[in-house]
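Before any comments, here is the structure.
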Amino acid sequence: MQQSWEEETGTCKSTLPRSLSGQYVGSFAYLTIKDRLPVILTRVVDTVYKHRIVASEQHGQEGGNDCVDIVSRLSKLKHEMQTNKYILEIEDGNKDVSIWKQVLKEETERNEGEAPKFFKAAWLYTECYMYRKIMESIALSCHLKEFDPFGEQKRNALYDCLKPASLLIQYLHDSIEAKKNPNDMLSEFIQMSLWGNKCDLSISAGVENSQKVSPLCQLQELKSKILINKTGLVWDELKQAKSIGSVRIDFILDNAGYEFLSDLCLAECLTRLNLVDDIHFHCKAMPWFVSDVTPVDFAWTLDVLGGNENQGLSNLSKSIRQKLEDKSWSMESHKFWTTPHSFASMETVSPELYRDLTKSNLLIFKGDLNYRKLVLDRDWEHTVPFKEALHGFHPTALCALRTSKADLIVGLSEGLAQKLEAQHPGWMVSGEYAVIEFCEKMS
Ligand code: F6P
Ligand code: MG
């Protein structure tokens with residue numbers, strides 16, 4: 056039986072801290088639902104409204120009408136969110152609809168028969184629901200079902216970061232040529248991929264936010280901002296796995312643009328150091344949290360790199376295509392990643408995905424949202440061990456590379472959170488601090 060979304064794995068409900076939620080006035084969740092999400096929705100409305108000219112050219116009057124209808128559905132959604140209305144069912148016939156239906160049913164039951172509301176529900180649910188509703192408004196159109204309302208922003212973010220990305224790939228080549236210490240190389244490329252996570256378009260409410268300066272120059276000065284750094288354990292895990300046989304790792308990707316390129320460089324680094332044999336990349340099945348990578352973004356990123364005059368970039372594209380062709384690298388997009396579920400629920404909600412991940416030697420979870428889902432998006436004491444906050448989610452060894460953009464964090468040493476709070480108020484949500492977390496495989 057599928058467990059309650061709130062109960063997660065159910066067994067120790069009473070010991071779990073409360074979910075972050077918009078009902079706590081002044082909290083980051085509250086401010087996000089009140090201020091940031093409406094701005095994101097307004098941007099989508101503008102984008103769709105502007106698109107009506109192109110849609111009319113492509114599909115005639117019906118294309119233009121589609122845009123007007125989407126705008127009207129989105130405006131309704133914005134109004135419902137701002138006036139704290141009930142969360143409704145998703146009704147576009149997509150294959151994930153039953154999951155959303157079940158979550159709504161359980162939340163309603165838990166709430167003594169009353170459906171959840173935008174500010175009252177768990178923040179993770181409300182926020183995921185908003186993005187899913189945006190996609191429902193598009194899926195219900197006649198001709199624009201494939202339209203990505205964040206597509207243009209993501210493409211611009213990619214064009215804006217090609218220069219720093221080319222420096223990264225050049226640095227990889229130089230380091231390999233110079234036979235640099237592999238352990239040091241891994242550490243550097245993990246950090247590069249970590250800081251790539253600063254560049255998401257949802258924390259900036261869609262405002263351009265790409266990497267422009269050389270990422271290499273920043274590494275040293277950013278080191279002190281990494282509050283937990285378990286890179287050594289990642290290295291040990293990979294070396295140990297390699298000593299036994301072929302190594303598979305999985306990237307649970309986050310944002311398109313610079314972050315994705317920094318992930319590809321880390322993947323390339325791992326391959327060239329002969330630490331891994333197979334890499335599975337997991338994308339979002341639909342446009343999500345503004346800038347998350349979809350399969351379409353994955354493909355056009357390779358196209359853009361492939362057509363670039365910089366040889367490092369075009370060779371990177373060629374080398375990736377080769378690996379995709381020989382199947383040592385693969386790209387997947389399971390519907391679970393765009394549900395409101397934390398990962399502790401995966402084994403129950405999507406057992407086939409969970410089973411597949413158990414075949415991997417290491418899962419690399421990128422970004423803030425994945426981190427929130429790893430630790431159930433709850434108000435943990437900051438000193439609670441990461442392993443405990445995973446609440447039973449451990450298909451295999453896993454690592455989280457996350458810049459902190461929401462007010463939850465675990466695994467800190469005693470007193471550190473208080474010190475940071477006193478010195479840098481807002482430290483948890485600013486994206487300036489980061490963690491490289493790790494949890495070993497458990498038997
Ligand atoms: O809006 C909630 C949030 O999790 C923020 O904390 C963060 O800015 C954004 O969504 C997504 O961040 P990321 O792209 O790193 O998952
Ligand atoms: Mg994201």
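All you need for this note's numbering is the position in the sequence shown, starting with 1, plus 55. Virtual Cβ for every residue (Gly too), placed ideally from N, Cα, C. It should be emphasised that the depicted structure is a prediction, and the values quoted were computed from it without experimental measurement.
Next on the checklist: Let's test the definition: count the other Cβ atoms within 10 Å of the Cβ of His479 and tell me whether it reaches 16, buried, or not, exposed.
Outcome noted: Classification of His479: exposed, given that the 10 Å Cβ count is below 16.
Checklist entry - Should Asn329 be counted as a contact of the ligand F6P given a C-beta to heavy atom distance under 7 Å? => result no
Checklist entry - Thinking C-alpha only, which one of Thr326, Leu371, Leu408 is nearest His389? => result Leu408
Item to check | CA-to-CA distance, Gln116 to Tyr426, given in whole angstroms | outcome: 44 Å
Checklist entry - Could you check where the beta strand (DSSP E) with Phe306 kicks off and where it finishes? => result 303–307
Next on the checklist: By the DSSP assignment, the alpha helix (DSSP H) with Asp124 in it spans what residues?
Outcome noted: 116–137
Next on the checklist: Just to confirm the assignment, what range does the alpha helix (DSSP H) spanning Met341 have?
Outcome noted: Unbroken run through Met341: none, as it is neither H nor E.
Next on the checklist: For the ligand F6P, is there any heavy atom lying closer than 7 Å to the beta carbon of Phe344?
Outcome noted: Phe344 has its Cβ nearer than 7 Å to a heavy atom of the ligand F6P.
Item to check | 8 Å CB neighbourhood of Arg376 in its chain, flanking five on each side removed | outcome: Leu357, Gly361
Item to check | Contacting residues, own chain, Cβ-Cβ under 6 Å from Asp462 (five flanking each side not counted) | outcome: Phe83, Met483, Val484
Item to check | the ligand F6P heavy atom lying under 7 Å from the CB of Thr87 | outcome: yes
Checklist entry - What's the C-alpha gap between Gly65 and Phe205? => result Legend: pLDDT at Gly65 = 44, less than 50; position of this residue unreliable, value from coordinates given subsequently. Near 36 Å, if we compare the C-alpha coordinates of Phe205 and Gly65.
Next on the checklist: Below 7 Å, is the gap between the Cβ of Asp121 and the nearest heavy atom of the ligand MG?
Outcome noted: no
Checklist entry - Between Pro185 and the rest of its own chain, which residues show a CB-CB distance below 6 Å, the 5 nearest in sequence each way excluded? => result Per the sequence shown, residue 185 should be read as Met rather than Pro. Correct list, in chain order: Leu92.
Checklist entry - Is it the case that the Cβ atoms of Leu509 and Thr451 are separated by a distance below 8 Å? => result As shown, the chain starts at 56 and ends at 498. That puts residue 509 outside it, with no answer to give.
Checklist entry - Using the rule of at least 16 other Cβ atoms within 10 Å of the residue's Cβ for burial, across every protein chain shown, is Met497 buried or exposed? => result exposed
Checklist entry - Buried or exposed: which applies to Val80, given that a residue is buried once 16 or more other Cβ atoms fall within 10 Å of its Cβ? => result exposed
Next on the checklist: Measuring only the C-alpha atoms, how far is Leu223 from Cys320?
Outcome noted: Approximately 7 Å between the Cα atoms of the pair.
Checklist entry - Applying the criterion that 16 or more other CB atoms from any shown protein chain within 10 Å of the CB defines a buried residue, is Gly486 buried or exposed? => result buried
Next on the checklist: Short of 6 Å in beta carbon distance, which residues of its chain neighbour Cys183, apart from the five on each side in sequence? Order them along the chain.
Outcome noted: Pro395
Next on the checklist: Residues in the same chain with beta-carbon distance under 6 Å from Ser76, minus the five sequence neighbours each way, listed in chain order, please.
Outcome noted: In its chain, beyond the 5 residues on either side, Ala84, Ala177, Trp178 have a beta carbon closer than 6 Å to the beta carbon of Ser76.
Next on the checklist: Quick check: the Cα distance between Val404 and Tyr180, rounded to an integer number of angstroms?
Outcome noted: 15 Å
Next on the checklist: Could you pull the DSSP bridge partners for Arg433 from this structure?
Outcome noted: Ser74
Next on the checklist: Rounded to the nearest angstrom, what separates Cys216 and Gly312 at their Cα positions?
Outcome noted: 7 Å
Item to check | Short Cβ contact (8 Å threshold) for Ile491 with Ile88 | outcome: no
Checklist entry - Tell me which same chain residues have a C-beta within less than 6 Å of the C-beta of Gly367, skipping the five on either side of it? => result Excluding sequence neighbours, Gly367 sits near Ser221, Ile224, Gln225.
Checklist entry - Cα separation between Tyr488 and Gln113? => result 46 Å
Checklist entry - Quick one: what does DSSP say Cys320 is sitting in, helix, strand or coil? => result helix
Checklist entry - Mind pulling the beta strand (DSSP E) runs of 3 or more residues that sit fully within the segment 144–228? => result none
Item to check | Under 8 Å between C-beta atoms of Val331 and Val289 | outcome: Not a contact, by the Cβ cut-off of 8 Å.
Checklist entry - Does the Cβ-Cβ distance between Asn252 and Thr438 come in under 8 Å? => result no
Item to check | Boundaries of the alpha helix (DSSP H) in which Val404 is found, first to last residue | outcome: 401–404
Next on the checklist: By the DSSP assignment, the alpha helix (DSSP H) with Met240 in it spans what residues?
Outcome noted: 237–251
Item to check | Which residues DSSP lists as bridging Glu492, in chain order | outcome: DSSP output for Glu492 lists Ala455 as bridge partner(s).
Checklist entry - By the 10 Å Cβ neighbour count, where 16 or more other Cβ atoms means buried, how is Gly119 classified, buried or exposed? => result buried
Next on the checklist: Quick check on Phe441 - is its C-beta less than 8 Å from some C-beta in chain D?
Outcome noted: Although the question refers to chain D, the structure presented lacks it and comprises just one protein chain.
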